[in-house]
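Colleague:
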């Protein structure tokens, strides 16, 4: 919705004060906006899966995708747009909205919508037509290091998916393990600290809120499998592993995670060096005081 | 007589073996049988609640979902029994979530089947008697109760139940929700479920897909208010 010039120049005192109130609110929230660009909502859009709705058949039917993507996922997008319109969550990137609305474990209403949008985007690209097979490259190495074998990993992944009581998700994620929680810093960071983990979450929760880097997710809300598998969640998860999972996507995400962690680590190291810089100056002062005493004694 | 002798001999042996930490009662425990649970029958055919709830849903809901909760509940109880006997505290505590989930599932669904009735057998008829009065007094009107339960059921995120609950202490009725398969007692030990509506997706998905509000609108046509009233009058007698 755009404020027109005519609206801005309204002569009715009551109306203009009302509009003035609105305008000043707008500018406070969106200071860079000019009159012409002033608007109340930034429309998040529903992203399509990276394949057609029937591409995952027979493992996940077109009907399921039509409801799951076309109704559930679309519903979350519509809801979020309504919820954040005109608020300070508006116009932020989706991940930012997820983290802010999580509100350190006391989620705001927008969290459910935002996180579910993010989770479903992630879910579609965790699958591909002709999926399944086995991981390779660095991902395979880390799986063998952290789980012993691919079979062991898949067993634990399936267990997580089947013991998520109620609605939720099962994740394979990469943990940076930096222990950087404000007042605690990992004293001896090393490459072997970085770990692959399996994690289940309920309802809309996702690993972003724990500062993990998700690699793969399976949706275990009943709507994800009910049309094709009814109550048989175990069959759905097995099929996901055998025929749908996109290890390519997982590998790409792993590379991105490692790069992001390295970049963050470099920034942290830089910040710490700057802090140490200040500390060194103070130490110099201390040393100089001692020197002065020595000098005095020498003079004497 | 012989059995008594057998028990006390067993008891003595176990006392001696454990160095005195197990009481005489352990002999009795060894021959105690654990109560197992089985699927209760519905009092109507699977298709009898149509068009509010399809026969397909009722059959899968009863024979698959409820049965699975019972099977897993029985399994968890067996494991719990063994863990208690062995004094394995880690196992005892570790089993609690499976017991709450599966036991809760059994409790909740057992109530749910009684909460439903075909329209030909009184399903949907508003409550008369004590419960009718209580609803008017404590909630305002029958219509506002329906509205409240429907909107709370629709707003529930994820899986769970919406309840009409009787507070045994205050004798008042009110609306509660519980997540997942948590039974109503988890909201208060003095709460008695009069009516529970399952809002897990499995309760409506095959028929209503994502439109939970439509399910919640139609289910009132098959609610067995007579059962709810019977429970209310028994508990407030």
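Residue numbers (the working numbering), protein chains in the order written: chain C, 464 to 763; chain W, 11 to 247.
Idealized CB from N, CA, C, for every residue including glycine.
Look at the alpha carbon of residue 567/C and the alpha carbon of residue 552/C, and state the distance between them as a whole number of angstroms.
Modeller: Within the first chain, numbered from 1, the residue matching residue 567/C stands at position 104. Within the first chain, numbered from 1, the residue matching residue 552/C stands at position 89. Their Cα atoms are separated by approximately 15 angstroms.
Colleague: Kindly indicate which residue of 611/C, 599/C, 676/C has the alpha-carbon position closest to the one of residue 634/C.
Modeller: To locate residue 634/C, count along the first chain from 1; it is residue 171. For residue 634/C, the nearest C-alpha among the options comes from 676/C.
Colleague: Rounded to whole angstroms, what's the CA-CA distance from residue 196/W to residue 188/W? Just pull it up for me.
Modeller: Locating residue 196/W in the second chain gives position 186, counting from the first residue. Locating residue 188/W in the second chain gives position 178, counting from the first residue. About 8 angstroms.
Colleague: For residue 103/W, count neighbouring Cβ atoms within 10 angstroms of its own Cβ and tell me buried if that reaches 16, exposed if not.
Modeller: Here residue 103/W refers to the residue found at position 93 when the second chain is read from its first residue. Flag for residue 103/W reads exposed.
Colleague: Only counting the same chain, and skipping five residues up and downstream in sequence, which positions put a Cβ closer than 8 angstroms to that of residue 701/C?
Modeller: For this step, residue 701/C is matched to residue 238 along the first chain. Once the five neighbours on either side are set aside, the close Cβ partners of residue 701/C are 621.
Colleague: Which class does residue 727/C belong to by DSSP, given the choice of helix, strand or coil?
Modeller: Translated into positions along the first chain, residue 727/C becomes position 264. It is helical.
Colleague: Going by beta-carbon coordinates alone, are residue 177/W and residue 170/W separated by less than 9 angstroms?
Modeller: Mapped onto the second chain, residue 177/W falls at position 167. Mapped onto the second chain, residue 170/W falls at position 160. No; because the gap between Cβ atoms is not below 9 angstroms, this pair is not in contact.
Colleague: Against chain C, which members of the region 67 to 84 of chain W pass a CB distance test of less than 9 angstroms?
Modeller: Per Cβ criterion, the list reads 70, 71, 74, 75, 78.
Colleague: Determine which residues of the region 506 to 539 of chain C have a Cβ less than 8 angstroms from any Cβ of chain W, and write them out in chain order.
Modeller: Answer in chain order: 530, 534, 535, 538.
Colleague: Determine the direct distance from the alpha carbon of residue 516/C to that of residue 534/C, and round the result to whole angstroms.
Modeller: Here residue 534/C refers to the residue found at position 71 of the first chain. Here residue 516/C refers to the residue found at position 53 of the first chain. About 13 angstroms.
Colleague: Compare the C-beta of residue 577/C against all C-beta atoms of chain W and say whether one is closer than 9 angstroms.
Modeller: On the first chain, residue 577/C is found 114 positions in, with the first residue counted as 1. No, residue 577/C does not count as interfacial toward chain W.
Colleague: By the 8 angstroms beta-carbon criterion, what residues does the region 655 to 679 of chain C contribute toward chain W?
Modeller: Answer in chain order: 665, 666, 667.
Colleague: Please report the residue range of the alpha helix (DSSP H) in which residue 172/W lies.
Modeller: Walking along the second chain from the start, residue 172/W turns up at place 162. That residue, residue 172/W, is in no alpha helix (DSSP H); its beta strand (DSSP E) goes 170 to 177.
Colleague: Please state if the CB of residue 88/W and the CB of residue 49/W are separated by a distance shorter than 9 angstroms.
Modeller: Numbered from 1 along the second chain, position 39 holds the residue referred to as residue 49/W. Numbered from 1 along the second chain, position 78 holds the residue referred to as residue 88/W. Taking 9 angstroms as the Cβ cut-off, residue 49/W and residue 88/W do not qualify as a contacting pair.
Colleague: State the start and end residues of the unbroken beta strand (DSSP E) segment that holds residue 188/W.
Modeller: On the second chain, residue 188/W is found 178 positions in, with the first residue counted as 1. Here the beta strand (DSSP E) through residue 188/W covers 182 to 189.
Colleague: Please report the residue range of the beta strand (DSSP E) in which residue 677/C lies.
Modeller: Numbered from its first residue, the first chain carries residue 677/C at position 214. Unbroken beta strand (DSSP E) run through residue 677/C: 676 to 682.
Colleague: How long is the line joining the alpha carbons of residue 152/W and residue 669/C, rounded to whole angstroms?
Modeller: In the second chain, the residue the question calls residue 152/W occupies position 142. In the first chain, the residue the question calls residue 669/C occupies position 206. About 40 angstroms.
Colleague: Identify whether residue 664/C lies in helix, strand or coil by the three-state DSSP scheme.
Modeller: Your numbering for residue 664/C matches position 201 in the first chain. If DSSP states are grouped into helix, strand and coil, residue 664/C belongs with the strands.
Colleague: Would the beta-carbon of residue 160/W fall within 9 angstroms of that of residue 223/W?
Modeller: Here residue 160/W refers to the residue found at position 150 of the second chain. Here residue 223/W refers to the residue found at position 213 of the second chain. Yes, these two residues count as a Cβ contact at 9 angstroms.
Colleague: So what does DSSP say about residue 591/C, is it helix, strand or coil?
Modeller: On the first chain, residue 591/C is found 128 positions in, with the first residue counted as 1. Reduced to three states, the DSSP call for residue 591/C is coil.
Colleague: So is residue 91/W buried or exposed if we call it buried at 16+ other beta carbons inside 10 Å?
Modeller: In the second chain, residue 91/W corresponds to position 81, counting from 1. Flag for residue 91/W reads exposed.
Colleague: Roughly how many angstroms separate the alpha carbons of residue 78/W and residue 575/C, rounded to a whole number?
Modeller: Locating residue 78/W in the second chain gives position 68, counting from the first residue. Locating residue 575/C in the first chain gives position 112, counting from the first residue. If you take the alpha carbons of residue 78/W and residue 575/C, they lie about 29 angstroms apart.
Colleague: Taking 9 angstroms as the cut-off, decide whether the C-beta atoms of residue 562/C and residue 507/C are in contact.
Modeller: For the purposes of this step, residue 562/C is taken as residue 99 along the first chain, with counting starting at 1. For the purposes of this step, residue 507/C is taken as residue 44 along the first chain, with counting starting at 1. Contact: no.
Colleague: Should residue 163/W go down as buried or exposed, given a rule of 16 or more other Cβ atoms within 10 Å for buried?
Modeller: Stepping through the second chain from its first residue, residue 163/W is reached at position 153. Buried is the call here.
Colleague: For the beta strand (DSSP E) holding residue 208/W, just list the boundary residues, first then last.
Modeller: Sequence index remark: in the second chain, residue 208/W carries index 198 (1-based). Element bounds for residue 208/W: 201 to 208.
Colleague: Return the residue from the list 718/C, 696/C, 705/C that minimises the CA-CA distance to residue 629/C.
Modeller: The residue labelled residue 629/C in the question sits at position 166 within the first chain. The residue with the shortest Cα to Cα distance from residue 629/C is 696/C.
Colleague: Can you find a CB in chain W that lies within less than 9 angstroms of the CB of residue 619/C?
Modeller: Walking along the first chain from the start, residue 619/C turns up at place 156. Closer than 9 angstroms: no.
Colleague: Taking the alpha carbon of residue 165/W as the point to measure from, which residue in 572/C, 632/C, 598/C has its own alpha carbon closest?
Modeller: Looking up residue 165/W in the second chain gives position 155. Ranking the options by Cα distance to residue 165/W, first place goes to 572/C.
Colleague: With three or more C-beta pairs closer than 8 angstroms as the rule, is the region 606 to 625 of chain C touching the region 583 to 596 of chain C?
Modeller: Not touching, per the Cβ criterion.
Colleague: What number of angstroms, rounded off, separates the C-alpha of residue 709/C from the C-alpha of residue 232/W?
Modeller: Within the first chain, the letter at position 246 stands for residue 709/C. Within the second chain, the letter at position 222 stands for residue 232/W. Their backbone Cα atoms lie some 45 angstroms apart in a straight line.
Colleague: Helix, strand or coil, according to DSSP, for residue 631/C in the structure here?
Modeller: In the first chain, counting from the first residue as 1, residue 631/C sits at position 168. In the structure shown, residue 631/C sits in a strand (DSSP, three-state: E or B).
Colleague: List the whole-angstrom C-beta distance separating residue 101/W from residue 93/W, where the pair is believed to meet the contact cut-off of C-beta under 8 angstroms.
Modeller: Residue numbering aside, residue 101/W sits at position 91 when the second chain is read from its first letter. Residue numbering aside, residue 93/W sits at position 83 when the second chain is read from its first letter. The pair is a contact, with the Cβ atoms about 4 angstroms apart (cut-off 8 angstroms).
Colleague: Check each candidate in 217/W, 241/W, 150/W, 245/W and name the one with the smallest Cα separation from residue 69/W.
Modeller: Sequence index remark: in the second chain, residue 69/W carries index 59 (1-based). Measuring from the Cα of residue 69/W, the nearest candidate turns out to be 217/W.
Colleague: Name the chain W residues whose beta carbon is nearer than 7 angstroms to that of residue 630/C?
Modeller: In the first chain, the residue the question calls residue 630/C occupies position 167. 168, 169, listed in chain order.
Colleague: Alpha carbon to alpha carbon, how far is residue 625/C from residue 202/W?
Modeller: Residue numbering aside, residue 625/C sits at position 162 when the first chain is read from its first letter. Residue numbering aside, residue 202/W sits at position 192 when the second chain is read from its first letter. Roughly 31 angstroms separates the two Cα atoms.
Colleague: Just to confirm before moving on: does the CB-CB distance between residue 122/W and residue 67/W stay below 9 angstroms?
Modeller: For the purposes of this step, residue 122/W is taken as residue 112 along the second chain, with counting starting at 1. For the purposes of this step, residue 67/W is taken as residue 57 along the second chain, with counting starting at 1. No, the Cβ-Cβ distance between residue 122/W and residue 67/W is not below 9 angstroms.
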